[in-house]
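Everything below concerns the one structure shown next.
4 protein chains.
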Amino acid sequence: MHFASDNIAGVHPKIMDAIIAANDGVAKSYGEDDITGALEAKLADLFETDLAVFPIATGSAANCLALSAVAPPWGAIYCHEHAHIFDDECCGPEFYTGGAKLYTVEAESGRLTADGLRQGLDRFVVGFDHNPQPAAVSLTQCTEYGAVYDLDRIAALSELAHARNCQVHMDGARFANAVARLDCSPAEMTWKAGVDVLSFGATKNGAMAAEAVIFFDPEKARDFIFRRKRAGHLFSKMRYLSAQLLAYVTDDLWLENARHANRTAQRLHDGLSRINSVSFAHPVEANELFVCLPDGAAGRLRADGASFYDMDAVGRNAVRLVTSFATTDAEVDRFINICGG
Amino acid sequence: MHFASDNIAGVHPKIMDAIIAANDGVAKSYGEDDITGALEAKLADLFETDLAVFPIATGSAANCLALSAVAPPWGAIYCHEHAHIFDDECCGPEFYTGGAKLYTVEAESGRLTADGLRQGLDRFVVGFDHNPQPAAVSLTQCTEYGAVYDLDRIAALSELAHARNCQVHMDGARFANAVARLDCSPAEMTWKAGVDVLSFGATKNGAMAAEAVIFFDPEKARDFIFRRKRAGHLFSKMRYLSAQLLAYVTDDLWLENARHANRTAQRLHDGLSRINSVSFAHPVEANELFVCLPDGAAGRLRADGASFYDMDAVGRNAVRLVTSFATTDAEVDRFINICGG
Amino acid sequence: MHFASDNIAGVHPKIMDAIIAANDGVAKSYGEDDITGALEAKLADLFETDLAVFPIATGSAANCLALSAVAPPWGAIYCHEHAHIFDDECCGPEFYTGGAKLYTVEAESGRLTADGLRQGLDRFVVGFDHNPQPAAVSLTQCTEYGAVYDLDRIAALSELAHARNCQVHMDGARFANAVARLDCSPAEMTWKAGVDVLSFGATKNGAMAAEAVIFFDPEKARDFIFRRKRAGHLFSKMRYLSAQLLAYVTDDLWLENARHANRTAQRLHDGLSRINSVSFAHPVEANELFVCLPDGAAGRLRADGASFYDMDAVGRNAVRLVTSFATTDAEVDRFINICGG
Amino acid sequence: MHFASDNIAGVHPKIMDAIIAANDGVAKSYGEDDITGALEAKLADLFETDLAVFPIATGSAANCLALSAVAPPWGAIYCHEHAHIFDDECCGPEFYTGGAKLYTVEAESGRLTADGLRQGLDRFVVGFDHNPQPAAVSLTQCTEYGAVYDLDRIAALSELAHARNCQVHMDGARFANAVARLDCSPAEMTWKAGVDVLSFGATKNGAMAAEAVIFFDPEKARDFIFRRKRAGHLFSKMRYLSAQLLAYVTDDLWLENARHANRTAQRLHDGLSRINSVSFAHPVEANELFVCLPDGAAGRLRADGASFYDMDAVGRNAVRLVTSFATTDAEVDRFINICGG
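Chains as they are written, first to last, in the working numbering: chain B, 1 to 341; chain W, 342 to 682; chain Y, 683 to 1023; chain S, 1024 to 1364.
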C-alpha cells in the first residue's frame, strides 16, 4: 500500500532491459552515441514535428533549464501558488534564470485561469524598467493537484501568453498521465495548443532518472547546450539516459504505464467514494488523489503499512495518494478496505 | 502642483551647501575620508547604539544589498504584494541574493499582518531541501501606501520572524516621515523593535542621491564591503555621498523636512476630504495619499499643470499624490480648489 | 583500440548487477532509502572518519557544487591553467558560486607548484574589498595531464592554503587511479593531507553516472542539501545512484578497475617508448598518456579504427590516449604495432 | 603632493556649478528630465553618431553593466592580467554577467597584444559546450599602467575580435587622457576603430560620481535599462548625474582637464628622469607614472606629506604616481626636489 509518490516505484523492466542492452561495448560520449540519435528521431516522430531534444536526469533540472531558456533574469514567470517550480525546487528557477520572478496567479486545482493570467500579465508594464518583464507562463500537466488541463484551456492560455510575447512552458512531470487521460496526441497537447517548451517527464512513470527538455522551435534552443553543460547536467555516458527515454516511448510503454496508474487511481477513487465521510479536495483525473479521510483512518492505514503524505493545508484529515505503473489492484483494494474500517 | 513623487523635488539647500563644502581640496577615496568617519559617529549617536553604516546612492541598491546580506540564494523573503522590492526593483533582490524568493503575505495598506506572516513562515519547512528556506522579513516604513507601522506591530512581526531565525529588514525609503509621524526615536523604530538591518533613505527627503544601509549588529555586516564593491556601489569620491547624509541628520534637518511633507499631505487630505465624492483608499499617515477623485477632476487638474500618477488598480479615478519637503501650501490649496471644481 | 576517453567505456558488470538488484520493489525517495544509508556508512569506513556524503550524477556538478560550498561569490579559487574546472565546465564554477573567480597559477603537468600557489595567494589582499578574496584551492588528482600528486605535495599545498584561510578541494574524477598509483589509503590522500572537500569520481572508472561530494568536516556541508536541490541534482530515485557507488567501493572494485587502467596505460607507455621518435609530453603515472606520435602514425591508426583526441596545443603530432577498466592488452598491443609502423 | 590617485581630487568648479544650476525646481525623475535629454544629444554630437547613453555613477558599475550586455553567462571576456575588471572589481563582472570568465592574455604595459588575443581566442572552441564561449574583448584606455593604445592597435584588436563574433568593450575610466594624448576625435578612438561599447569615465577627471555607458549600436542596448535598474543603478534624481556629464563635455572641459593632468605627469616624468637611479617601469603617456625611486626617497617624500601607492610587484622601490586636473606645478616640482634629495 505504497502511495507516497510515484517516485518510490522502481524502474520498469523494459526500461531496465534497455539500460542493460545499452551497456554493450564502447560508445561515444556526451550524446554523440547512436541511442541518443535514435531517441531524437523517435521523439520527432512521436511529436510529429521538428524539435530539439535534451535528455536530462531530473525533473527539477528540466524545468529550471527550460525556464532559463525562455525568461531573462528580469523576467516574470507566471505559475500557480503551489506549482512545483514555486514550492518544491528550492529557488532553482530563480537560480537558473539569474533572478527571474515566479509570479503566482489564480488557479483551480492547479490549473491557471484565464482571468488570473490576464491579471498577472497586466500587473507588470512591458518596457517599464522598474517592473519585472512578462516572459513566460508555466503550466503543469497534470497539475500538482492531480487535475488535467483540457486542450482548449491550454490553447486559450497560450494565446493570452503569446499575445504578450510570453512563451509557454509545460511542466510535464506527469505528461503521460495527461495524454492518457485526454486520449489525445502528444502534438495536440503541446505545440498544436501553443506550448513552446516541454519538460517531458519519464522518471515518475517507470524510468530510473530521465526526462527530456523539448523545444518545438529548435531555434529557441540555440544556447541550451551551454546552459546544460555549465549546470553539470550534460552526461558523459549519455547513452544510458537516452536508452531509458527511447524504451519509454517505444511500443507505447509510456502510455501503458500511465493508463495503469490512472486506472488504479480511479479504482482507489471509486472505492473511497463509497465510504461515508470521505471527500475529495480535488478532481481525480490522473494518478493523484487528494482525499479527506474519515477520522482515525490514516492511523489505521499506517499501522498496516500504508505510506502516503499528510496534506494538512488541503483540509481536515487530508492526505495525498499517488499511484504508479507498479501499483496493484490488491493494494488499492486493501487500502479501501482498511479505510472503510 | 507637483505630486508625482517626492523624488521630483531637488536637493535641500542645506544639503547642497554641505556638498559644496565637501569640495575642498583632496580627500582620501573609498570612504577613508573624514566626512565619512564623522557620519558613522553621528549615526551611531542618532541610533544610540554601535552600528555598521554603508552609504549607498540609491534606494533600490540599499534594499537589494541589505537583503542579500540576510538571505541565502535559497531563502524566502517575506513582503507584501506591492512592496517596492517586489514590484519596482526589476528583480533586483533576486539578482543580488543569487536567487532568493520574495514571498508575498497578507497586508493592510502595505503593513504585513501577523497572521499573514505566520502563514507565510509556516508555508516552507525549515531544513526541508525542496522548499525555499525562511530567511528574512521586509517591512516598508512608511509603506508603499502611505501607512505607518506602529511600534507594537513592528515588534510583534520581529518577534515572529526571530522565532523562526529570520532577520528583519526595514525599507526606510521614507523612514523620516514615519519617525515624524510616530514622534518616536530612530532607535525605538528599529533595533529596539527588532529590526536587524535598515535601508535608511534620504533621497526622497531632500538629498541628491544618498541612502545608508545600517546594520545594528555590526557582525552581520562582515561581508558587506565585498557585496557593495562587486555591485559597483562603492563610490571613489565617497565624501560627497557622506556629506549629504551628514547634513541630512544634522540639526534635525531630516525630521524638519519630513514633518513639512507630512503636514502638507495632511493639509491636502483635509482639504480633499471636504469635497463630495472624494474618498481615500488608504489612511494618510505620512506624505502619500491614495485618493479617488471626483469624475473629471484628474483631467482638470492636469490641464492646469498638476502632476501625479493614476492608480487604476486601487480604485475608480484613483491617483497617488506625494508631498515633499519642497511642497508649498499654495500648491496644495490650488490643487484642492481645482479638484473641488 | 578505443582511447578517446575513459567515459566511452560502459558500466562494469558488478555495478550493473547492483543497479538491477536495487530495482526491487518500492524505496523511499530522495536518499531516504537503505542503499544510500549503507553507502554513507561504507564511505565513512573507507575514509576512516566521519564525513558528509552527497551522491551526484556528474563530475562537473560535483565540482561546481563542492566549490560553491567553499568559496563566496567574491572568492578566488586557485587552479591551474588547464584544470577541468577552468577549461571544460563552461563557466559552471562561476555560475554555481555566483561569480567567484578561477585564478590560474603555475603548475607542472597539472600539479600546482607551491611557488605558484604562494604568488597567487599574495596576489589578492585579504579584507581589501577591491580584490577577489582568496577562498579555495582546487587540485585535480590525477591531473588533467595524467600526473599524480604525491602525498607530500598535497600536504604542502594544503598547508599553504589553510594558512591563508583557504579550503582545499580535490577534483577526484580519477581519484581511484591516483590511489592505485600511490598505493596509499584514501584517508592519506585526502583529509590526512589537508583536503577539505572531495569530488569522488566513479563514472570514468566503471559507473554509469555517479560521483560523490564528500566533506571531511560535516559542519561545512550544512547548506549543501539546498545547493544540490536548487541545482536539480537531487535524484528522486536516489537508490540507483547510491547502488552504483556502493558496488564501486565494495570488495575493492574501484581499485581493481583503476589498477587495470593504470597497468594498460603503462603497457601502452612501455610499448610506445620503444618506438623511434615517440616522445611523452607528460609523465605517465595513471591512465592517461600525452604522446607525440611519429609522422603519419595517427592517420594509420585511425584508418584501422583507433579513436583518440589530437592535442595540438601540447606538441607536434601530440595525442591523448586514455585507458579504462575495459581496455584490453590486445588493443594496446595492436595500437603499439600499428604505431611502430 | 597628492599623487595617490586621480580620485582624491574634488569636483571641478564648472561641474559643481552645473550641479547647483540643476537644482532649480522640480524635474521628472529617472532620466525623463531635460538635462538628461540634452546630454544624449550632446554626446551623439561629440561622438558623431547615433548612440545609446546611460549615465552611471561609478566606473565599476559602468564596466560590469557594459560587459553583461555583451557576454552571456558562459562567455569568455578577454583582458590583461592586471585589468581593473580583473583585479579591482571584486568579481563584479562575474556577478553581473551571471558567471562569464575573464580570461587574461598577453599585454605590454596593459595593452593587449594581437598574438595574445589570438591565442586566447583560439583557446576555446566556438560551439563546443564544454568551453567558455569567446564573447568580448575589454581594452582599458589609458591602460592601468598609464600607457595609451594607438588607433591602429585598437583597430587591429577589434578586427580580430569581430572576426570571431566577439564584441569590443573599452574601459575608458581615463578616456579623456587618452584622447588628449592621441589628439584624435572620440569617434576615431571608439566606433571608427571598432569599439562597440564604452565606459566613458568622468569621475577621475573632475566629476563627482559620473560615468556613461555608451553603445554605438543602440540596438545592442535594448535590455540595458533592465540591467541598470535591477542592479540599483538607475538614479531617481538623474538630473544631477546628467548635469555633471553635460558640463564635463561642454566647452572642452573634459579635454582641458585631461591635458592638464597629462602635462603635469609629463613634468613629473621629466623632472624625475634627471635624477640618478630613477627608472620607469612603464611608458608615461597619460597621467600615471610607475617609477622606481632611489633608496630612501619614498620615506623622505612621505615624511614631507606626499601621498602615493607602493607597487612592490612592479619593481624595487616602485611607486605609482597619478596626476589630475587639480595637480599643481608647485607640488610636482616639490616632489621632484625632495626625491632628488
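Glycine is no exception: its CB is placed at the ideal position from the N, C-alpha and C atoms.
- Counting only residues of its own chain and dropping the five nearest sequence neighbours on each side, alanine 647 of chain W has a CB closer than 8 Å to the CB of Met342, His343, Phe344, Phe676, Ile679.
- Around alanine 659 of chain W, no beta-carbon contact reaches into chain S at under 9 Å, the shortest distance being about 21 Å.
- Annotation: Cβ neighbours of glycine 99 of chain B in chain S (cutoff 9 Å, chain order): Gly1121, Arg1253.
- In this chain, tyrosine 1168 of chain S is not harboured by any beta strand (DSSP E), its DSSP state being neither H nor E.
- The DSSP-derived three-state label of tyrosine 1053 of chain S is coil.
- Residues of the stretch 1144–1169 of chain S that bring their beta carbon within less than 7 Å of a beta carbon in chain Y comprise Asp1152, His1153, Asn1154, Pro1155, in sequence order.
- Per the C-alpha coordinates, the member of Y:Asn944, Y:Glu730, Y:Ser924, Y:Gly780 positioned closest to isoleucine 702 of chain Y is Y:Ser924.
- Of all residues in the stretch 1214–1239 of chain S, those with a C-beta nearer than 8 Å to a C-beta of chain W are Thr1226, Lys1227, Met1231, Ala1232, reading in chain order.
- Counting along the chain, no alpha helix (DSSP H) covers alanine 210 of chain B, and no H or E run does either.
- Among the CB atoms of chain W, one or more fall inside 8 Å of the CB of asparagine 1046 of chain S.
- When W:Asn598, W:Asp558, W:Glu381 are compared, the shortest CA-CA separation from valine 536 of chain W is found for W:Asp558.
- Cβ-Cβ distances below 6 Å link threonine 718 of chain Y to Met920, Ser924 in the same chain, with the five nearest sequence neighbours on each side left out; the list follows chain order.
- The beta strand (DSSP E) runs lying completely inside the stretch 765–850 of chain Y and spanning 3 residues or more are 783–787, 815–822, given in chain order.
- A straight-line Cα-Cα distance of about 40 Å links glycine 1054 of chain S and histidine 503 of chain W.
- The residues Val478, Ser499, Ala502, Gly535, Val536, Asp537, in chain order, have a CB closer than 6 Å to that of valine 509 of chain W in the same chain once the five nearest residues on each side in sequence are set aside.
- If you keep only unbroken alpha helix (DSSP H) runs of at least 4 residues inside the stretch 568–615 of chain W, you get 579–589, 594–614.
- Under the DSSP assignment, phenylalanine 1358 of chain S falls in the alpha helix (DSSP H) whose first and last residues are 1352–1363.
- The beta-carbon of proline 976 of chain Y is placed no less than 8 Å from the nearest beta-carbon of chain S.
- When Cβ-Cβ separations below 8 Å define contact, glutamate 89 of chain B makes contact with chain Y.
- Around alanine 27 of chain B, the beta-carbon contacts reaching into chain Y at under 7 Å are Ile690.
- Ranked by how close their Cα comes to the Cα of glycine 612 of chain W, the residues W:Ile555, W:Phe395, W:Ala671 have W:Ala671 in first place.
- The residue from W:His421, W:Thr669, W:Arg569 with its alpha-carbon nearest to that of arginine 600 of chain W is W:Thr669.
- With its beta carbon less than 8 Å from one in chain Y, lysine 237 of chain B belongs to the interface.
- In the three-state reduction of the DSSP assignment, isoleucine 19 of chain B falls in the helix class, which pools H, G and I.
- Take the alpha-carbon of phenylalanine 541 of chain W and the one of histidine 269 of chain B: they are about 57 Å apart.
- Collapsing the DSSP output to three states places alanine 306 of chain B in coil.
- Between the stretch 543–556 of chain W and the stretch 588–602 of chain W there are three or more C-beta pairs closer than 8 Å, enough to call the two in contact.
- Linking arginine 111 of chain B to arginine 316 of chain B through their CA atoms gives a straight-line distance of about 23 Å.
- For the 8 Å CB-CB criterion, glycine 1121 of chain S and histidine 574 of chain W do not form a contact.
- For serine 409 of chain W, there are no neighbours in chain S by C-beta distance under 7 Å, as the nearest C-beta there is about 11 Å away.
- Using a CB distance below 9 Å, no part of the stretch 269–298 of chain B faces chain W.
- DSSP places glycine 400 of chain W in the uninterrupted alpha helix (DSSP H) bounded by 400–411.
- Within chain S, the residues whose beta carbon sits less than 9 Å from that of phenylalanine 777 of chain Y are Pro1096, Trp1097, Gly1121, Gly1122, listed in sequence order.
- The C-beta of phenylalanine 224 of chain B comes no closer than 8 Å to any C-beta of chain Y.
- Bounds of the alpha helix (DSSP H) holding proline 868 of chain Y are 868–871.
- Taking C-alpha positions only, aspartate 183 of chain B is separated from alanine 207 of chain B by approximately 22 Å.
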